[in-house]
Amino acid sequence: MMTVVTAVGMMMMTVVTAVGMTVVGGGDDDDDDDDGGDGGGDDDDGGDDDDDDGGGDDDGYDNYSLSVSLYSSMFGVVLIIVDIVLVIVDLSLMTRSRDVGDVLETVSLIISLFFLTDVLLRVYVEGFKVYFSSRLNIIDACIVVITLVVTMIYTFSDLTGASLIPRVVTFLRFLRIIILVRVFRLASQKKELEKVTRRMEVARFLDTKHEDHYRVYNLCSEKGYDPKFFHYRVERVFIDDHNVPSLEDMLKYTAGVREWMAADPKNIIAIHCKGGKGRTGTLVCTWLIDSDQFESAQDSLDYFGERRTDKSRSSKFQGVETPSQSRYVGYYEVMKTKFNRQLPPEQSLKIKSIRIHSIAGVGKGNGSDLKVKIIVRKKLVFLCVCAKQENCTVFPDAGTNSVVISLQEGPVVNGDVKVMFESSAGLPKGYEDCPFYFWFNTSFIENNRLVLSREELDNPHKAKTWDLYKEAFGVTLSFSEP
């Protein structure tokens, strides 16, 4: 899912379902696309791989799409099954009739021709130089061509020499096994090829609608892709899935967008992550605030969620994904209005204790099953294991249905901080492969306390977890001066 934002002006949203793209923004309301919302779920826009495939003209593109179509994929699966059976039958027959031999040879020839067609399509779409710049592609093409030649010789020639036939058959069996491995490789690459095809569709859409006036922002911290798809107008903001950008990256991003938008009134930005909700929504809402389209973070978040959700398809909210991401949009609102788009004053704090409210029914109900990780700048700075009282002391309080985890030599933290909770009691895991977690920035801590309700914690914020996490569930962090 990719979101496109135009210059500041009348806000509008256009959805291009064939491309999997949502258009948000303003400017002239003269686009001829249909107006609507997008109920996209976890669509994968393909922004997380590093394919080096090139584009082609329209005919080449259509052929490439055909090569990864449903029918081609189904045929590839059939070939896998047929080839397995073929190898087993061929190896098990000491002697075979002429009819059986003809069938085996015909199937081998069909498989060889299928793979030759596949290679030719790839060469046509990617270009001769690009395709053969890969050693794997060279080996792949050689295997296909040699197999086809040997198969044709074996099929159409009268090889009656007793010493020659076993050698040819053995060689064919060997190549057939190699080709079988290649089929499995082709099947495993189906999703990857679909990503490339979709990326080409997006590039063609942008070139048609906004030629020379778009910049793409790839928010995935995962593997990237070749920026040549978008004429090298791709910027990276590295954000882990279901996590938040740093405050520094948010300011750098908005400064770059302001400069780009000011250069030409026709300029737009196209923003994508993987699913098009969390990371994308965070930075879309950040820009909506920065560009004065909304004054408050909550209004921008509500707008993005409303326009991102297609209620005709599903009532499920399709806005910004986690409470921490929403919290950071709020941080940006403060940085803009109070600190003139500058970082807030630094504040170093020591984490003293963590209180978990309404702990009954969560794990063992007394906090003894929990493990707490504190991460700063992607480095683990503190770990406490409650079961062993390792680096902490646990104080259950049945009277208030809470538990206090007092940290021994608690860490001094500064800037963006991530706190993760793991459980040895089988608590259901969500994002980040843990029961619950959250992000905060120390510059926004007041009175040495951070209080987060259930709805402000990542994972427990989802209604489907509320049978486990009751309404009063929450976390309070207590700090002291270092």
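Here the sequence shown stands for residues -18 to -1, 1 to 464, numbered as in mature numbering (1 follows the signal peptide of the UniProt record, and there is no 0).
We put the CB at the ideal spot given by N, CA and C, even for glycine.
Quick one: is Cys124 buried, meaning 16 or more other Cβ sit within 10 Å of its Cβ, or exposed? For the purposes of this step, residue 124 is identified with residue 142 of the sequence shown, where counting begins at 1. When all chains shown are included, Cys124 counts as exposed.
Can you give me the Cβ contacts of Phe377 inside the same chain, cut-off strictly under 6 Å, excluding the 5 residues immediately before and after it? As a position in the sequence shown, residue 377 is number 395, starting the count at 1. Cβ within range, chain order: Val386.
What does the alpha-carbon distance come out to for the pair Gly9 and Asp415? Within the sequence shown, residue 9 is the residue found at index 27, counting from 1. Within the sequence shown, residue 415 is the residue found at index 433, counting from 1. At Gly9, the pLDDT of 42 sits below 50, so the modelled position is not reliable; the number obtained from the coordinates is stated separately. Approximately 42 Å between the Cα atoms of the pair.
Given His195, which residues of its chain have a CB within under 7 Å of its CB, disregarding the five upstream and five downstream residues? Position 213 of the sequence shown, counting from 1, holds the residue named residue 195. Once the five neighbours on either side are set aside, the close Cβ partners of His195 are Asp246, Lys248, Asn249, Ile250.
I think Tyr413 touches His224, with their Cβ atoms under 8 Å apart; what is that distance to the nearest whole Å? Here residue 413 corresponds to residue number 431 of the sequence shown, with the count starting at 1. Here residue 224 corresponds to residue number 242 of the sequence shown, with the count starting at 1. Sure, about 4 Å apart at Cβ, within 8 Å.
Cβ neighbours of Gly343 in the same chain (closer than 6 Å, five flanking residues each side left out): Numbered from its first residue, the sequence shown carries residue 343 at position 361. Cβ within range, chain order: n/a, list empty.
Roughly how many whole angstroms lie between the Cα atoms of Asn45 and Tyr235? For the purposes of this step, residue 45 is taken as residue 63 along the sequence shown, with counting starting at 1. For the purposes of this step, residue 235 is taken as residue 253 along the sequence shown, with counting starting at 1. Note that Asn45 has pLDDT 39, beneath the 50 cutoff, so the model's placement of it is unreliable and the number below is only indicative. Roughly 38 Å between the two C-alpha positions.
Selected residue, minimal CA-CA separation from Ser90, among Val126, Thr99, Leu102, Thr133: Taking the first residue of the sequence shown as 1, we reach residue 90 at position 108. Closest option to Ser90, Cα to Cα, is Thr133.
From what residue to what residue does the alpha helix (DSSP H) around Thr268 run? In the sequence shown, residue 268 corresponds to position 286, counting from 1. Segment 260 to 272, the alpha helix (DSSP H) holding Thr268.
Skipping 5 residues on each side, what residues in its chain have a beta carbon closer than 6 Å to that of Glu217? Counting from one through the sequence shown, the residue named residue 217 turns up at place 235. Tyr199.
If I follow the unbroken alpha helix (DSSP H) through Thr236, where does it start and stop? For this step, residue 236 is matched to residue 254 along the sequence shown. Thr236 -> alpha helix (DSSP H) spans 229 to 245.
Could you give the first and the last residue of the continuous beta strand (DSSP E) run that contains Ala445? In the sequence shown, residue 445 corresponds to position 463, counting from 1. First-last for Ala445: undefined, no H or E at that position.
Identify the continuous alpha helix (DSSP H) that holds Phe110 and give its terminal residues. Position 128 of the sequence shown, counting from 1, holds the residue named residue 110. Taken as a continuous stretch (DSSP letters only), the alpha helix (DSSP H) holding Phe110 covers 110 to 113.
Mapping the DSSP letters down to three states, classify Lys332 as helix, strand or coil. Locating residue 332 in the sequence shown gives position 350, where the first residue counts as 1. Of the three classes helix, strand and coil, the one that applies to Lys332 here is strand, per DSSP.
Which of helix, strand or coil does DSSP assign to Ala368? Residue numbering aside, residue 368 sits at position 386 when the sequence shown is read from its first letter. Here residue 368 is Cys; the residue named in the question, Ala, does not match the sequence. Helix.
Looking at Glu404 and Lys353, is the spacing between their C-beta atoms short of 8 Å? Locating residue 353 in the sequence shown gives position 371, where the first residue counts as 1. Locating residue 404 in the sequence shown gives position 422, where the first residue counts as 1. In contact: Lys353 and Glu404 (Cβ atoms closer than 8 Å).
DSSP-derived helix/strand/coil call for Arg290: By one-based count along the sequence shown, residue 290 stands at place 308. Helix at Arg290.
Are the segment 318 to 325 and the segment 350 to 367 touching by the rule of at least three beta carbon pairs closer than 8 Å? no
Is Phe455 helix, strand or coil by DSSP? Against the sequence shown, residue 455 aligns to sequence position 473. Of the three classes helix, strand and coil, the one that applies to Phe455 here is coil, per DSSP.
So the candidates are Val401, Ser384, Ile333, Ser406; which of them puts its Cα closest to the Cα of Ala369? Here residue 369 refers to the residue found at position 387 when the sequence shown is read from its first residue. For the residues Val401, Ser384, Ile333, Ser406, the minimum Cα distance to Ala369 belongs to Ser406.
Confirm, please, whether the CB-CB distance from Thr190 to residue 513 is below 8 Å. Residue 513 is absent from the model: the chain starts at -18 and stops at 464.
Close Cβ partners of Phe220 (< 6 Å) along its chain, the five nearest in sequence each way excluded: As a first step, residue 220 must be located in the sequence shown, where it is residue number 238. Same-chain partners within the cutoff: Ser203.
Could you please give me the residues that DSSP links to Ile356 through a beta bridge? Residue numbering aside, residue 356 sits at position 374 when the sequence shown is read from its first letter. Looking at the DSSP assignment, Ile356 forms a beta bridge with Phe364, Val401.
Quick one: is Ala454 buried, meaning 16 or more other Cβ sit within 10 Å of its Cβ, or exposed? Here residue 454 refers to the residue found at position 472 when the sequence shown is read from its first residue. By the neighbour-count rule (16 or more Cβ atoms within 10 Å), Ala454 is not buried but exposed.
Determine the direct distance from the alpha carbon of Lys361 to that of Thr264, and round the result to whole angstroms. Residue numbering aside, residue 264 sits at position 282 when the sequence shown is read from its first letter. Residue numbering aside, residue 361 sits at position 379 when the sequence shown is read from its first letter. Rounded to whole angstroms, Thr264 to Lys361 spans 23 Å at the Cα level.
Taking three-plus beta-carbon pairs below 8 Å as touching, is the segment 225 to 244 in contact with the segment 277 to 294? no
Could you tell me which residues DSSP pairs with Phe461 in its beta bridges? Working through the sequence shown from its first residue, we reach residue 461 at position 479. According to DSSP, Phe461 bridges with Ile333.
Can you name the start and end residues of the beta strand (DSSP E) that Ser384 belongs to? Counting from 1 along the sequence shown, the entry for residue 384 is found at position 402. Where Ser384 is concerned, the enclosing beta strand (DSSP E) stretches over 384 to 389.
Would you be able to state if there are at least three C-beta pairs under 8 Å between the segment 285 to 294 and the segment 335 to 342? no
Would you kindly work out how many angstroms separate the C-alpha atoms of Gln324 and Tyr313, rounded to a whole number? Numbered from 1 along the sequence shown, position 342 holds the residue referred to as residue 324. Numbered from 1 along the sequence shown, position 331 holds the residue referred to as residue 313. If you take the alpha carbons of Gln324 and Tyr313, they lie about 11 Å apart.
Element boundaries [beta strand (DSSP E), containing Val394]: As a first step, residue 394 must be located in the sequence shown, where it is residue number 412. Unbroken beta strand (DSSP E) run through Val394: 394 to 396.
Just the Cα atoms here: how many angstroms apart are Asp426 and Val395? Here residue 426 is taken as the residue at index 444 of the sequence shown, counted from 1. Here residue 395 is taken as the residue at index 413 of the sequence shown, counted from 1. Reading the sequence as shown, one finds Phe at residue 426 and not Asp. Going by the C-alpha atoms only, they are around 13 Å apart.
I need the straight-line Cα distance from Thr99 to Arg180, nearest angstrom please. In the sequence shown, residue 99 corresponds to position 117, counting from 1. In the sequence shown, residue 180 corresponds to position 198, counting from 1. If you take the alpha carbons of Thr99 and Arg180, they lie about 22 Å apart.
Across which residues does DSSP place Asn197 in a beta bridge pair? Residue 197 sits at position 215 when you count from the first residue of the sequence shown. The sequence shown places Arg at residue 197, not Asn. Paired residues: Ile251.
So, is Ser94 buried or exposed, given that buried needs 16 or more other C-beta atoms within 10 angstroms? Position 112 of the sequence shown, counting from 1, holds the residue named residue 94. Per the 10 Å Cβ criterion, buried.
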